[in-house]
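Protein sequence lines, in the order shown, are assigned to chains A and B. Per my numbering, the very first residue in the first sequence carries number 1; after that it's consecutive. Per my numbering, the very first residue in the second sequence carries number 1001; after that it's consecutive. The beta-carbon is built from N, C-alpha and C at its ideal position, and this holds for glycine as well. Values in this document were obtained by computation on a predicted structure and should not be read as measured data. One structure is given below, encoded as structure tokens.
There are 2 protein chains.
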Amino acid sequence: MTYCVAIHTDAGLVFLADSRTNAGVDHISTFRKLTVFEREGERVLVLMTSGNLSISQSVVSDLSEGVTETEGLWAARNMFEAARIVGEAVRRVHAREIAALRAHDVDFNISLILGGQIGGERCRLFQIYPAGNFIEASEAASYFQIGESKYGKPILDRVIDRRTPLDGAAKCALTSMDSTLRSNISVGLPLDLLVYEADSLRVTHFSLIRDQNPYFRMLSSTWGERLKQVFSAMPNPVWGDAESALSLSSGTAQPVRVTPAAQPAAGPQPVPTPAAAPPPAASPPAIQRAAGDTPATTPGQPSMPE
Amino acid sequence: MTYCVAIHTDAGLVFLADSRTNAGVDHISTFRKLTVFEREGERVLVLMTSGNLSISQSVVSDLSEGVTETEGLWAARNMFEAARIVGEAVRRVHAREIAALRAHDVDFNISLILGGQIGGERCRLFQIYPAGNFIEASEAASYFQIGESKYGKPILDRVIDRRTPLDGAAKCALTSMDSTLRSNISVGLPLDLLVYEADSLRVTHFSLIRDQNPYFRMLSSTWGERLKQVFSAMPNPVWGDAESALSLSSGTAQPVRVTPAAQPAAGPQPVPTPAAAPPPAASPPAIQRAAGDTPATTPGQPSMPE
């Protein structure tokens, strides 16, 4: 798998990609998923890919090999046109590969992030889908993730908006990556981090972050420690005292409970082993619901909410 | 979707389930996913379900309706047998439903968590799969999640071990749920929280947590605020000074760069519109890799790592 995140703020763009690829657990290797098209002073385009590695490589090759400076991404007049060119490359690869992939039940699995700036146009950021269609980041949705996106999403949701400074956005992207690295073994170092300052029309900062990188080590250990400190400092719940500001009490609410059905015949019976349990007898069903959330069931006619 | 988490510590068990179900975005409703089988002083079993709601309901019904106290989960002699009984219920529902589901291309989608204690046996916690097979939590893997598990996994990975006190585990489960609620609209309040203290053989604490619950409100706002404070307090990266303890510098490492291929003919050419761009010419390919991570490519023969 992969985890890539790109953040668009007023100050520019931040791109971060891991570099792990795997085909099964015994075939793990490193593939860099961030590619730069830069003509200093004129355009910077950054492309990140996730999905099937052969498809990703085919798309990047389609966009780069033999493409002169008067063609393709080198000639796109604006970022929207650049996103369309990437989408068209995805569609060409799809047309070429899909029949063979289907014959092996392999999905056409690729997602891309494209961001950058061309000439006097503003910075823009796009996410491109396997069908070659795409969406653009906006004021309200100012980051994109591809690959293993869920572990690292909460911190982005809490911290990022358009006013976040570039270094803060880089710090947030790395924090989001740190959570992902810890929780998913299919995402791994080194990391490609690229920071683009709006209107600079050149790569502002780049780092290939390995495990001994001092900042990333500091961030990773500090974040983990502080998180634990903050967690420990939050008060534990209070049970039973409904007036407490820390009360977890929900009054008389009860969990959904099951009670045994009545015995079909009087008197105790030998306990059957479960494997030999008879089919449910015609005794009244036994799901009871407490007051408060769902209506109590009429005995003999339980109903589950939909 | 759903998010349920159960934590097994030396002190007992914590179960937390959301209650949202949806079939498309215009069919959202509340379904409680946590069910208790309790015979005070003798056994407490807690079952949580995620997946297709009709399948979850069928399994819970199979385990409860018409089942007398000498059968099924009421008669299981230990938790392993209880997990096997739940697995058999899953298999019965599968046998009954799978043909019809397949005819509509619907997956047999269900995951369950079963935990509790029977008589003098220790507390145990199991996760049960759609095939009815199951695994048990261990010292090293002391929690299980089902449903939308990824958003809330990092905090569990950082905080939980077997020595975590029960109230701390409840706090952690709620923090994990808070991150999930914020990042995924298919998970929603109210929450069923059940705390089981080892050897008590009855439900120790239960709360049905709605949005006005004072503890959960405190936890949610405090956690969010503190997270932002900790994040802000972490230093920003330093660029350029490789000696700094906060350096993000990676020396001479460069991103993977693409450069334009040589023009097939001498002299400037008119810039074609990308849609009309000619197929890649036979000029040398143009992917360059910097020293440090991947070998630089021989001009004319680029190779991507696998």
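Residue-chain proximity (residue i, chain A), Cβ-Cβ < 8 Å
| i | result |
| --- | --- |
| R1124 (chain B) | no |
| H1094 (chain B) | no |
| T1175 (chain B) | yes |
| A1261 (chain B) | yes |
| D1192 (chain B) | yes |
| R1032 (chain B) | yes |
| L1208 (chain B) | yes |
| R1257 (chain B) | yes |
| H1205 (chain B) | yes |
| R1020 (chain B) | no |
| G1315 (chain B) | No statement about residue 1315 (chain B) is possible, as the shown extent of chain B runs from 1001 to 1306 and does not include it. |
Beta-carbon proximity list for residue i, same chain, < 7 Å, skipping 5 on both sides
| i | result |
| --- | --- |
| I160 (chain A) | I7, S142, Y143, A169 and C172 |
| K153 (chain A) | Q145 |
| G1051 (chain B) | N1109, I1110 and S1111 |
| L1246 (chain B) | P1235, P1237 and V1238 |
| V1203 (chain B) | V1036, E1038, V1044, L1194 and Y1196 |
| L208 (chain A) | P190 and D192 |
| G147 (chain A) | M1, T2, Y3, C4 and S50 |
| Y1151 (chain B) | S1179, T1180, S1183 and N1184 |
| G240 (chain A) | S249 |
| S1244 (chain B) | V1238 |
Beta carbon proximity, residue i to chain B, threshold 8 Å
| i | result |
| --- | --- |
| S249 (chain A) | yes |
| Q117 (chain A) | no |
| N213 (chain A) | yes |
| Y3 (chain A) | no |
| R182 (chain A) | yes |
| T164 (chain A) | no |
| P130 (chain A) | no |
| A89 (chain A) | no |
| Y151 (chain A) | yes |
| F108 (chain A) | no |
| D167 (chain A) | yes |
| T35 (chain A) | yes |
Neighbourhood of residue i by C-beta, 6 Å cutoff - its chain only, sequence neighbours within 5 removed
| i | result |
| --- | --- |
| I308 (chain A) | Examination of residue 308 (chain A) is not possible in this model, given that chain A is present from 1 through 306 alone. |
| A1089 (chain B) | V1059, D1062 and L1063 |
| V1036 (chain B) | V1046 |
| G328 (chain A) | Chain A is shown from 1 up to 306; residue 328 (chain A) falls before or after that span and cannot be answered. |
| A1017 (chain B) | C1004, K1033, L1034, M1048 and D1192 |
| F1206 (chain B) | L1194 |
| A103 (chain A) | none |
| S220 (chain A) | D178 |
| A1076 (chain B) | A1082 and I1085 |
Residue i, enclosing alpha helix (DSSP H) - first and last residue
| i | result |
| --- | --- |
| A1082 (chain B) | M1079 to A1103 |
| A75 (chain A) | G72 to A75 |
CA-to-CA distance, residue j to residue i, given in whole angstroms
| i | j | result |
| --- | --- | --- |
| R163 (chain A) | E139 (chain A) | 10 Å |
| A99 (chain A) | Q1145 (chain B) | 38 Å |
| Q1057 (chain B) | S183 (chain A) | 31 Å |
| P235 (chain A) | V1025 (chain B) | 36 Å |
| I1135 (chain B) | A1082 (chain B) | 13 Å |
| S1187 (chain B) | I113 (chain A) | The sequence shown places Val at residue 1187 (chain B), rather than the Ser named in the question. So the alpha carbons of these two residues sit roughly 27 Å apart. |
| R1020 (chain B) | G251 (chain A) | 22 Å |
| G1224 (chain B) | R1217 (chain B) | 11 Å |
| D105 (chain A) | G1132 (chain B) | 26 Å |
| E1071 (chain B) | A1011 (chain B) | 29 Å |
| F15 (chain A) | L174 (chain A) | 10 Å |
| A276 (chain A) | V1086 (chain B) | Confidence is the limiting factor: at A276 (chain A) the pLDDT is only 44, short of 50, which leaves the residue's position unreliable, though a coordinate-based value still follows. Their Cα atoms are separated by approximately 14 Å. |
| D984 (chain B) | G1066 (chain B) | Beyond the ends of chain B as shown, which are 1001 and 1306, falls residue 984 (chain B); an answer cannot be given. |
| A137 (chain A) | V1256 (chain B) | 24 Å |
| S176 (chain A) | L156 (chain A) | 7 Å |
| S1054 (chain B) | R1092 (chain B) | 14 Å |
Closer than 7 Å: residue i CB and nearest the ligand FAD heavy atom
| i | result |
| --- | --- |
| D1105 (chain B) | Ligands are entirely absent from the displayed structure, and the ligand FAD is therefore not among its contents. |
Beta strand (DSSP E) segment containing residue i, residue limits
| i | result |
| --- | --- |
| A1245 (chain B) | Per DSSP, A1245 (chain B) belongs to no beta strand (DSSP E) and is neither H nor E. |
| R1163 (chain B) | Careful: R1163 (chain B) lies outside any beta strand (DSSP E) and carries neither H nor E. |
| V60 (chain A) | Where V60 (chain A) is concerned, there is no enclosing beta strand (DSSP E), although the alpha helix (DSSP H) it sits in stretches over L53 to S64. |
| T9 (chain A) | Y3 to T9 |
| V1258 (chain B) | V1256 to V1258 |
Cβ shell of residue i (< 8 Å), same chain only, five flanking positions each side left out
| i | result |
| --- | --- |
| T1068 (chain B) | W1074 |
| G1041 (chain B) | L1201 and R1202 |
| A242 (chain A) | S249 and G251 |
- request: Kindly provide the ranges of any beta strand (DSSP E) runs that are 3 or more residues long and lie completely inside the stretch 13-45 of chain A, ordered along the chain.
  value: 20-22, 28-30 and 34-39
Contained beta strand (DSSP E) runs [length at least 3] in the stretch 185-213 of chain A, N- to C-terminal order = 191-197 and 205-209
Practice task
Can you check the stretch 1111-1152 of chain B for any beta strand (DSSP E) of at least 3 residues that lies completely inside it and give the ranges in chain order?
Solution key: 1124-1128, 1134-1136 and 1143-1147
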